[in-house]
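Peer 1:
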Amino acid sequence: MLLKLPFKLLFLLSSLIFLTACSQSDTPLHQYEHAVEGAFAAEISQNGDYSITSSIHHGLSFWDNRNNKLLYQWQHHNAESNDIYIVRISANNSFALSASRSEFAIWNIKTGKNVGFYQVSDSAIRDIRLSANGRYVLYGQVNGKVVHIDLKTGRRLEMPIHSEKVNSVDLSANGLYALSGGNDHRAFLWNTQTAQIIQEFNFKNRISMVKLEDQGRFAFVADNQKASQIWNIETGELHSTLIYKARQSIFSSVRFIDEGKYLLTGNGTKTVRLWEVDSGLSVQNWTVTPRKATRPKTAVVYSATLWDSDKIATESSAGLLEVWQIN
13 MLLKLPFKLL FLLSSLIFLT ACSQSDTPLH QYEHAVEGAF AAEISQNGDY SITSSIHHGL
73 SFWDNRNNKL LYQWQHHNAE SNDIYIVRIS ANNSFALSAS RSEFAIWNIK TGKNVGFYQV
133 SDSAIRDIRL SANGRYVLYG QVNGKVVHID LKTGRRLEMP IHSEKVNSVD LSANGLYALS
193 GGNDHRAFLW NTQTAQIIQE FNFKNRISMV KLEDQGRFAF VADNQKASQI WNIETGELHS
253 TLIYKARQSI FSSVRFIDEG KYLLTGNGTK TVRLWEVDSG LSVQNWTVTP RKATRPKTAV
313 VYSATLWDSD KIATESSAGL LEVWQIN
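All residue numbers for the sequence shown refer to my numbering, where the first residue is 13 and numbers rise by one.
1) Within 10 angstroms of the Cβ of S175, are there 16 or more other Cβ atoms? Answer buried if so, exposed if not.
2) Using the C-alpha atoms, what's the distance from G60 back to T123?
3) How would you call H46, buried or exposed, if buried means at least 16 neighbouring beta carbons within 10 angstroms?
4) Does DSSP put L163 in a helix, a strand or coil?
5) Using a Cβ-Cβ cut-off of 6 Å (strictly less than) and excluding sequence neighbours within five positions of E327, which residues of its own chain qualify?
6) Quick check on DSSP: helix, strand or coil for T32?
7) Any chance the stretch 169-189 sits against the stretch 197-207, with 3 or more Cβ pairs inside 8 Å?
8) I need the DSSP call for I96, collapsed to helix, strand or coil.
9) Would you mind stating whether Q211 and I245 have Cβ atoms separated by less than 9 Å?
10) With DSSP as the reference, label F215 as helix, strand or coil.
11) Distance check for H70 and C34, CA to CA, integer angstroms please.
12) Within 10 angstroms of the Cβ of A305, are there 16 or more other Cβ atoms? Answer buried if so, exposed if not.
13) How close, in whole Å, do the beta carbons of G280 and V312 come, if the pair is a contact with beta carbons under 8 Å?
14) Which residue from G228, S265 and N236 puts its Cα closest to that of T247?
15) Can you give the Cα-Cα distance for V335 and K81, rounded to whole angstroms?
16) Let me check understanding here. Comparing Cα to Cα, which of G128, F52, S106 and Y130 lies closest to S93?
17) Let me make sure I understand the geometry here. Which of V181, A231, Q296 and K257 has the alpha-carbon closest to that of S220?
18) Which value, in whole angstroms, describes the spacing of the CA atoms of Q260 and T165?
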């Protein structure tokens, strides 16, 4: 599915680049409530068809976004309190994952049944990812370890590659490549079968977000200040750097879209941005809707993705799925 943007020609004119980068919309085309009083966590599937949310009143909720229909409600063993703060949907929409700091669960999307619960006792989970077929899981921990598990064979690979806590991890769709970043100012791209480190990325500040592009061409690495870089995995060279005026930008969500041509980012202050991967320029931004009763009036963007070919969809801490027009 190709993203057709009439404004792409504006990149040829420097005077219009500034205007395009500042293009902003605060009014969604559609808005659906997925959590009554806000969400702890949420993710939209790559194609926008599904969402999973974790909230105080509903536990885990799995939604059919195209029909605005609640498909399943799940919970971990402790039903009295919901401490699930990470949720994921596999790239092929076959499995979902939910995680607290001490356990994670896998769910079959077709049947709605639980596939398994897994305890993590040595150190708290900081971030976790699931391969497309639900076979492989990758998680990063407070103690600096990154763990890759083959749920089919039980093979477990522990990589103590970070000297401080891990903040972000990502796993390729086939489960063979991992990317991790931590407080030690470093990110690592490595092979999960051989444990070989393919590339190391060194930053001046703590790494806050990492992301792999679906086709395996790019890796996004950002620190907690202003360095946000896109690397060409095939050549090992820096491809582009995101260009923005803010002194600091910490991303709460990142996703490559449109076959790696664009990048969608979200932050903790309601903002979603669309970036051109080759230039690092901001093309358009949107402001998600906060809940009316919240103070201050803000929301964390948990997830964003391409919706059809000319829209994007977002999930935020406001508990709202919103669909936005691309200009």
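Don't be surprised by glycine CBs; every beta carbon is placed ideally from N, CA and C.
Note that the structure is predicted; figures quoted are calculated from it, not measured.
Peer 2: According to the structure data:
1) exposed
2) 19 Å
3) buried
4) coil
5) A54, I56, S63, Y314, S315 and L333
6) A caution first: T32 carries a pLDDT of 41, below 50, which makes its placement in the model unreliable, though a value can still be read off. It is helical.
7) yes
8) coil
9) yes
10) coil
11) Any reading at C34 needs caution, since the residue's pLDDT is 47, under 50, leaving its predicted position unreliable; the model's value is listed next. Between C34 and H70, the C-alpha separation is close to 37 Å.
12) exposed
13) 5 Å
14) G228
15) 16 Å
16) F52
17) V181
18) 43 Å
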